[in-house]
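**Q** The opening position of the sequence shown corresponds to residue 4 in the working numbering, with each subsequent residue numbered one higher. Beta carbons: idealized from backbone N, C-alpha and C, even for Gly. This one's a predicted model, so the numbers in the text were calculated from it and none came from an experiment. First the structure, then my questions, so here it is.
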Amino acid sequence: MAWNLWNEGKSIDLIDPSMYYNSMGTVEIMRCINVGLLCVQEHPEDRPTMASVLFMLGNREASLPKPRSPGFMAGSASCLTESSSKDEELHSANHATLTIIVGR
């Protein structure tokens, strides 16, 4: 959703109206959204380093590149499941394996 609104030039719709306390706050929020979208770009080599993120967020004068499409987008798709072949599920197009490390 954030990417779609950004791409359509409607990223202001991502901000809660109660946060429009001043125009400078809105500019800073938009900057954070821009940096956030840079961090989830599809290709890892296009994503900024943490040092770059800190620089971009800490320096208002630093120019920000335009983000490219994210590496994942949630959406709806029809999936066949074992329990019912006619159910539709919402899911992400990504596959991930999570490992939880527990100390002794």
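Go through its chain and collect everything with a Cβ distance to residue 32's Cβ below 7 Å, but skip five positions before and after it.
**A** Translated into positions along the sequence shown, residue 32 becomes position 29. So the qualifying residues of the chain are 18 and 22.
**Q** Measuring alpha carbon to alpha carbon, tell me which of 67, 36 and 65 ends up nearest residue 5.
**A** As a working note, residue 5 is residue 2 in the sequence shown. The shortest Cα separation from residue 5 among 67, 36 and 65 belongs to 36.
**Q** Return the Cβ separation of residue 50 and residue 57 in integer angstroms, given the expectation that the two are a contact with Cβ distance under 8 Å.
**A** The residue labelled residue 50 in the question sits at position 47 within the sequence shown. The residue labelled residue 57 in the question sits at position 54 within the sequence shown. About 14 Å separates the two Cβ atoms, so there is no contact after all.
**Q** For residue 16, which residues of its own chain have a beta-carbon under 8 Å away from its beta-carbon, when the five flanking residues on both sides are left out?
**A** As a position in the sequence shown, residue 16 is number 13, starting the count at 1. Answer for residue 16: 8, listed in chain order.
**Q** To the nearest whole angstrom, what separates the beta carbons of residue 44 and residue 71, a pair I think is in contact under 8 Å?
**A** Stepping through the sequence shown from its first residue, residue 44 is reached at position 41. Stepping through the sequence shown from its first residue, residue 71 is reached at position 68. Right, their Cβ atoms sit about 5 Å apart.
**Q** Quick one: Cα of residue 27 to Cα of residue 46, how far?
**A** If you number the sequence shown from 1, residue 27 lands on position 24. If you number the sequence shown from 1, residue 46 lands on position 43. Rounded to whole angstroms, residue 27 to residue 46 spans 31 Å at the Cα level.
**Q** Considering only residues of the same chain and omitting the five flanking positions on each side of residue 14, which have a CB-CB separation below 7 Å?
**A** On the sequence shown, position 11 is the one that residue 14 refers to. The answer, listed in chain order, is 8, 33 and 36.
**Q** State the Cα-Cα distance for the pair residue 59 and residue 66, rounded to the nearest angstrom.
**A** Walking along the sequence shown from the start, residue 59 turns up at place 56. Walking along the sequence shown from the start, residue 66 turns up at place 63. When rounded, the distance between both Cα atoms is 8 Å.
**Q** At the level of alpha carbons, what is the spacing between residue 120 and residue 100?
**A** One cannot answer for residue 120 here, as it falls past the ends of the chain, which runs 4 to 107.
**Q** What residue range is occupied by the uninterrupted alpha helix (DSSP H) comprising residue 4?
**A** The sequence position of residue 4 within the sequence shown is 1, counting from 1. Where residue 4 is concerned, there is no enclosing alpha helix (DSSP H), given that its DSSP letter is neither H nor E.
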